[in-house]
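In this text, residue positions in the sequence shown follow this note's numbering: the first is 74, and each later residue adds one. C-beta atoms are modelled at their ideal positions from N, C-alpha and C, and glycine is treated no differently. Source: prediction; values computed, not measured. Everything on this sheet refers to the single structure shown next.
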Amino acid sequence: MKNFVYSGQAARVVFGAGSLQHLVREIDAMGARKALVLCTPQQRGSAEMIADLLGPRAAGLFDRAVMHVPMETAREARALAQQLGADCAVAIGGGSTTGLGKAIALEAGLPILAIPTTYAGSEMTPIYGITEGGLKKTGKDARVLPRCVIYDPELTLALPVGMSVTSGINAIAHAAEGLYASDGNPIMDLMAKEGIAAIGRALPVIQRAADDLEARSDALYGAWLCGTVLGHVGMALHHKLCHTLGGSFNLPHAETHTIVLPHALAYNAAAAPLAMCRIAEALGGTSAAQAVFDLAQNNGAPVALKHIGMQAADLDQACDIAMQNQYPNPRPLERAAIRQLLQDAFDGVRPGV
Ligand code: NAD
């Protein structure tokens with residue numbers, strides 16, 4: 074057993090089919106009285122249902138959450154919260170909506186109750202991101218960690234199968250890198266392995282039957298565990314590459330994670346054998362990289378960056394950006410090997426190890 078430091082983060086989790094019925098109880102337990110409900114334009118229907126459930130505790134609704142949290146949107150939402158006298162925010166949706174809640178919490182101090190409807194995991198982390206002047210600034214602040222999270226798998230039944238698969242593999246990426254994190258610990262290892270296994274068994278079932286509530290519960294349970302890992306330990310090469318590809322080349326978040334993960338794992342395989350063993354075991358395979366690749370491909374997810382909008386001419390620049398800052402990674406960053414990793418991800422090659 075290696076030495077470790079573990080500091081837990083306080084977040085209350087209410088999990089299970091139908092748990093949305095406890096919303097008012099949870100708002101009261103937070104000591105809040107009026108909630109601003111946040112959502113994307115696409116999820117306005119769900120947000121209206123939340124506002125109805127809240128009744129007099131609903132201050133209003135802001136339905137303009139978008140990817141990457143533009144500063145102007147965050148400012149408008151904050152101003153609306155103030156104008157309506159809201160003392161908390163309820164974020165229903167994926168990482169984009171939770172992200173908007175975090176931007177409000179950061180400046181205005183409003184506590185967040187998150188109701189995740191994807192598997193991205195933002196609700197379990199103190200990490201925020203805000204985009205201003207084309208640049209996404211990320212940071213960590215305990216104030217942005219949602220005070221309470223209601224995980225109700227019934228709300229994920231409408232998540233399209235394609236998004237469910239890529240979002241699930243996005244969650245697996247958090248746990249996979251958590252297993253070789255330089256600041257990892259045995260509690261996170263347990264959560265990571267259990268989270269990967271839960272998502273790994275849920276996705277093929279969801280792919281066949283999107284309304285299978287048991288599989289939806291498994292996937293959301295896995296997303297909670299994987300998100301917790303993301304919130305507690307540092308990420309490495311895979312997350313850095315995805316941040317670069319998403320930020321500089323505007324590639325879609327969950328798809329990019331899905332495509333890059335097998336190749337990042339192959340890159341790190343020899344340097345982190347125990348982590349790879351645990352990932353492979355959780356997915357019922359013998360190679361972590363191949364098991365993740367197969368999970369994506371067998372369930373209809375994209376496996377090549379060239380199919381999601383990446384241009385071959387940009388691969389060199391992507392590699393340069395990824396090499397710019399040093400950060401902890403099991404295998405040192407080697408330019409030629411990372412350039413090859415990007416090429417393999419671009420082409421959609423099944424990893425050889
Ligand atoms: P998203 O929140 O952008 O959602 C994608 C689309 O799916 C949206 O239109 C949304 O309304 C819709 N949607 C969500 N749930 C649905 C459902 N159940 N049914 C039907 N439609 C649904 O996507 P995401 O992948 O959840 O989040 C990505 C963003 O979150 C990125 O910007 C990423 O950087 C951020 N993120 C942040 C953290 C963190 O810790 N700060 C962690 C993970 C992701």
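- When DSSP states are grouped into helix, strand and coil, R117 belongs to the helix group.
- Counting only the Cα atoms, S169 lies some 13 Å from V163.
- For the pair T190 and P226, the Cα-to-Cα distance works out to about 8 Å.
- With a cutoff of 6 Å, A231 counts as near the ligand NAD, since its C-beta is closer than that to a heavy atom of the ligand.
- A contact between stretches requires three or more CB pairs, one per stretch, nearer than 8 Å, and the region 218-234 fails this requirement with the region 250-265.
- Secondary structure at T204: strand, using DSSP grouped into helix, strand and coil.
- L134 has V110 as its beta-bridge partners, per DSSP.
- Under the rule that a run must span 4 or more residues, the alpha helix (DSSP H) segments found entirely inside the region 256-300 read 259-281.
- A distance below 7 Å between beta-carbons, with the five flanking residues on each side excluded, links P401 to the following residues of its chain, in chain order: S255, G307, A309.
- With a cutoff of 6 Å, G235 does not count as near the ligand NAD, since its C-beta is closer than that to no heavy atom of the ligand.
- Inside the region 346-379, DSSP marks whole alpha helix (DSSP H) runs of 4 or more residues at positions 346-355, 361-371, from first to last along the chain.
- Contact between A131 and A138 is ruled out by a C-beta separation of about 17 Å, above the 8 Å threshold.
- Exclusion of the five residues before and after A270 leaves A355 as the residues of its chain whose Cβ lies within less than 7 Å of its Cβ.
- Around the CB of L276, 16 or more other CB atoms lie within 10 Å, so the residue is classed as buried.
- Taking the C-beta atoms as reference points, C315 is found no nearer than 7 Å to G194.
- DSSP links V426 through a beta bridge to no other residue.
- Under DSSP, P189 forms a beta bridge with G166.
- The bridge partners DSSP lists for C221 are R85, L186.
- Relative to V238, the option among Q399, D367, V97 whose CA is nearest is D367.
- Rounded to whole angstroms, the Cβ separation of P424 and H336 is 6 Å, and the two are in contact under 8 Å.
- Contact annotation, M144 with E99: C-beta distance approximately 29 Å; criterion of less than 8 Å not satisfied.
- Using a C-beta cut-off of 8 Å, the region 97-114 makes no contact with the region 240-251, since fewer than three inter-stretch Cβ pairs fall below that distance.
- Inclusion of A362 and L324 in the CB contact set at 7 Å is not warranted, their separation being larger than that value.
- Not one heavy atom of the ligand NAD lies closer than 6 Å to the C-beta of H305.
- Distances from the CA of C392 to each of L318, L334, Q116 were compared; the closest alpha carbon is that of L318.
- Between the beta-carbon of I203 and that of A283 there is about 33 Å, and that puts the pair past the 8 Å contact cut.
- Between V302 and G251, the C-beta gap is smaller than 7 Å, which places the two residues in contact.
- As far as DSSP is concerned, K175 takes part in no beta bridge.
- Distance from the CA of V97 to the CA of P219, rounded to the nearest whole angstrom, comes to 16 Å.
- Excluding residues up to 5 positions away in sequence, A353, L356, G358 lie with their Cβ nearer than 6 Å to the Cβ of A364 in the same chain.
- A direct Cα-to-Cα measurement between R408 and M396 gives close to 7 Å.
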